[in-house]
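Structure, as structure tokens:
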Amino acid sequence: MVRADCRCRMRWCPSSSFHLLRCVRLRTCTKRRRNTLPLWIREIWAYIRLLVQSFYFNSLTDSDVVFDSVFEPVFWTVDYITRWFGTVFVFLVVVLTSSILAIAYLFVLPMVFRTYSTAWITWHVCYGHWNLVMIVFNYYKATMTLPGYPPTVKNDRPFVSVCKKCIIPKPARTHHCGICNRCILRMDHHCPWLNNCVGHLNHRYFFNFCLFMTMGCAFCSISGRNLFLDAYNAIETNYQTAAPPYTFKDKMINKSIIYMWVLTSTVAVALGALTCWHALLISRGETSIERHLNHREKERMEKRGRVYKNPFDYGRLNNWKVFFGVQKRSHWLTRVLLPSGHSPPGDGLTWEAFPVKKDVSMESIFSSFCCVQPTLVLWLVGLKDPCRVASHS
Ligand SMILES: [Zn+2]
Ligand SMILES: [Zn+2]
Numbered sequence: 002m003v004r005a006d007c008r009c010r011m012r013w014c015p016s017s018s019f020h021l022l023r024c025v026r027l028r029t030c031t032k033r034r035r036n037t038l039p040l041w042i043r044e045i046w047a048y049i050r051l052l053v054q055s056f057y058f059n060s061l062t063d064s065d066v067v068f069d070s071v072f073e074p075v076f077w078t079v080d081y082i083t084r085w086f087g088t089v090f091v092f093l094v095v096v097l098t099s100s101i102l103a104i105a106y107l108f109v110l111p112m113v114f115r116t117y118s119t120a121w122i123t124w125h126v127c128y129g130h131w132n133l134v135m136i137v138f139n140y141y142k143a144t145m146t147l148p149g150y151p152p153t154v155k156n157d158r159p160f161v162s163v164c165k166k167c168i169i170p171k172p173a174r175t176h177h178c179g180i181c182n183r184c185i186l187r188m189d190h191h192c193p194w195l196n197n198c199v200g201h202l203n204h205r206y207f208f209n210f211c212l213f214m215t216m217g218c219a220f221c222s223i224s225g226r227n228l229f230l231d232a233y234n235a236i237e238t239n240y241q242t243a244a245p246p247y248t249f250k251d252k253m254i255n256k257s258i259i260y261m262w263v264l265t266s267t268v269a270v271a272l273g274a275l276t277c278w279h280a281l282l283i284s285r286g287e288t289s290i291e292r293h294l295n296h297r298e299k300e301r302m303e304k305r306g307r308v309y310k311n312p313f314d315y316g317r318l319n320n321w322k323v324f325f326g327v328q329k330r331s332h333w334l335t336r337v338l339l340p341s342g343h344s345p346p347g348d349g350l351t352w353e354a355f356p357v358k359k360d361v362s363m364e365s366i367f368s369s370f371c372c373v374q375p376t377l378v379l380w381l382v383g384l385k386d387p388c389r390v391a392s393h394s
């Protein structure tokens with residue numbers, strides 16, 4: 002057929018077309034030479050190529066998948082160490098906090114009683130013990146409360162994807178924790194200092210612990226500043242003079258006060274920064290994981306000339322009300338300023354998304370958690386990830 006076609010064209014085409022056809026014929030001959038290998042070799046070669054490609058080929062492969070695959074051994078090692086050191090970190094928190102308490106009760110409080118006025122003594126005792134109760138309560142609840150897990154049996158609840166490791170449906174805002182090795186509802190992060198995941202059911206306890214621990218450390222640091230300066234000057238003078246004017250007990254007290262001030266000041270600054278960051282995230286209605294997802298999606302939408310909005314942002318004040326479970330004014334006292342073991346609104350499986358007005362009543366938000374709209378269910382089921390939803394400007 003090719004030769005006949007060539008002859009036909011040789012009659013009618015100009016010399017350039019004739020040259021082109023000759024080139025095509027030469028290429029065809031070259032290809033024929035390549036395929037002269039025996040069939041069984043070509044079959045084996047094709048099988049090997051398919052086998053190699055099956056190791057890494059995926060239509061959804063992108064830079065993130067390649068990055069995760071390359072660093073998988075590193076992630077595995079970090080997860081293993083974090084899991085193993087979780088108990089050690091909790092032990093450290095308990096021991097360090099207990100040491101500060103011991104110094105406060107043994108050395109600082111007697112000084113306060115001797116030197117301060119009655120009003121200042123009352124303030125220090127009342128505030129200090131309220132702060133201590135909030136720290137202990139929230140830390141205990143944060144470590145002991147399970148973060149919330151999606152159901153592993155078949156159910157009719159909406160989901161947005163399937164976990165590749167647990168092989169179970171993943172509801173919206175659920176993520177897999179490599180350290181706990183299971184999916185966590187509304188996962189924020191895995192906290193080694195709690196030896197627990199921070200998720201839907203214990204996120205409030207985690208934040209309260211950070212907040213009240215920061216406040217307690219700042220309280221110790223500010224109110225103990227003069228004691229620290231006196232103790233520091235006493236030790237410096239002691240080193241410089243020939244005859245030490247202080248007894249062993251005095252030295253121990255001074256060193257303990259310096260230790261307390263340095264530790265509480267350091268924790269107040271470091272934990273204060275972390276608490277501010279989480280407060281910002283809560284104000285925006287997003288978790289630490291969603292912060293990265295939303296940021297990436299925002300950039301992607303900006304390239305397309307669109308504006309991205311977090312679907313779970315109900316407005317700054319409403320986000321805080323939902324986070325603390327405040328449904329009426331008295332809850333600011335009973336559920337925020339006092340120890341409270343109430344459960345967060347909703348079951349963590351279904352979430353109301355926008356559009357939600359900024360001045361929406363809290364009743365509508367809380368009722369929407371309990372009663373998921375059918376349209377929302379369909380919308381969520383049809384999505385790969387709820388954070389990929391964007392609103393047009
Ligand atoms: Zn999972
Ligand atoms: Zn975890």
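Going by my numbering, the sequence shown runs without a break in its numbering and finishes at 394. For glycine and all other residues, C-beta sits at the position ideal for the given N, C-alpha and C. Owing to the predicted nature of the structure, the values given are computational and were not obtained by experimental measurement.
- The chain-ordered list of residues whose CB is nearer than 6 Å to some heavy atom of ligand 2 reads C178, I180, C181, H191 and C198.
- In the structure shown, V91 adopts helical secondary structure according to DSSP, grouped into three states.
- The beta carbons of G225 and V109 sit closer together than 8 Å.
- DSSP places N197 inside the beta strand (DSSP E), whose first and last residues are N197 to V199.
- For S99, the secondary structure class from DSSP, reduced to helix, strand or coil, is helix.
- Taking L97 as reference, the option from N156, T267, L230 and R50 with the minimal CA-CA separation is T267.
- Between F160 and P148, the CB-CB gap reaches or exceeds 8 Å.
- By the Cβ-count criterion, C277 is exposed, with fewer than 16 other Cβ atoms from all chains shown falling within 10 Å of its own Cβ.
- DSSP places I185 inside the beta strand (DSSP E), whose first and last residues are R183 to I185.
- Nearest to W262 by C-alpha distance, out of I223, L294, N234 and E237, is I223.
- Proximity of the region 280 to 287 to the region 312 to 323 meets the contact definition, three or more beta-carbon pairs being nearer than 8 Å.
- The nearest non-hydrogen atom of ligand 1 is 7 Å or more from the C-beta of C211.
- Distances taken from the Cβ of C164 to the heavy atoms of ligand 1 include one shorter than 7 Å.
- Runs of the alpha helix (DSSP H) lying entirely within the region 147 to 232 and spanning at least 4 residues, in chain order: 204 to 224.
- Restricting attention to alpha helix (DSSP H) runs no shorter than 4 residues, the region 274 to 322 encloses them at 289 to 304, ordered along the chain.
- In this structure, the C-beta of R183 approaches ligand 1 to less than 7 Å from one of its heavy atoms.
- Taking C-beta separations shorter than 7 Å and ignoring five residues to either side along the sequence, the partners of T265 in its chain run I101, C218, C221 and S222, following chain order.
- Counting only residues of its own chain and dropping the five nearest sequence neighbours on each side, D80 has a CB closer than 8 Å to the CB of G179 and I180.
- Annotation for C277 indicates a beta carbon at 7 Å or more from all heavy atoms of ligand 1.
- Counting along the chain, L51 sits inside the alpha helix (DSSP H) bounded by residues L40 to Y57.
- By the 16-neighbour rule on beta-carbons within 10 angstroms, C192 is buried.
- Taken atom to atom, the span from the alpha-carbon of I136 to that of S64 is near 42 Å.
- Closer than 7 Å to some heavy atom of ligand 1: that does not describe the Cβ of C218.
- The continuous alpha helix (DSSP H) containing W121 extends over residues T119 to M145.
- Using a cutoff of 7 Å, the CB of C167 counts as near ligand 1, since one of the ligand's heavy atoms is closer than that.
- The Cβ-Cβ distance between H201 and P345 falls below 8 Å.
- A distance below 8 Å between beta-carbons, with the five flanking residues on each side excluded, links Y150 to the following residues of its chain, in chain order: R183, C184, I185 and L186.
- Annotation: E353 to Y141 spans about 30 Å, alpha carbon to alpha carbon.
- Here the alpha carbon of S55 sits roughly 26 Å from the alpha carbon of T78.
- When the beta-carbon positions are compared, F325 and R336 come within less than 8 Å of each other.
- Distance from the CA of W194 to the CA of N139, rounded to the nearest whole angstrom, comes to 13 Å.
- Its Cα nearest to that of D231, the residue I254 stands out among I254, N209 and T215.
- If you compare the alpha carbons of L52, Y206 and A103 with that of Y260, the shortest gap goes to A103.
- Contact between N197 and T88 fails: their C-beta atoms lie close to 11 Å from each other, not under 8 Å.
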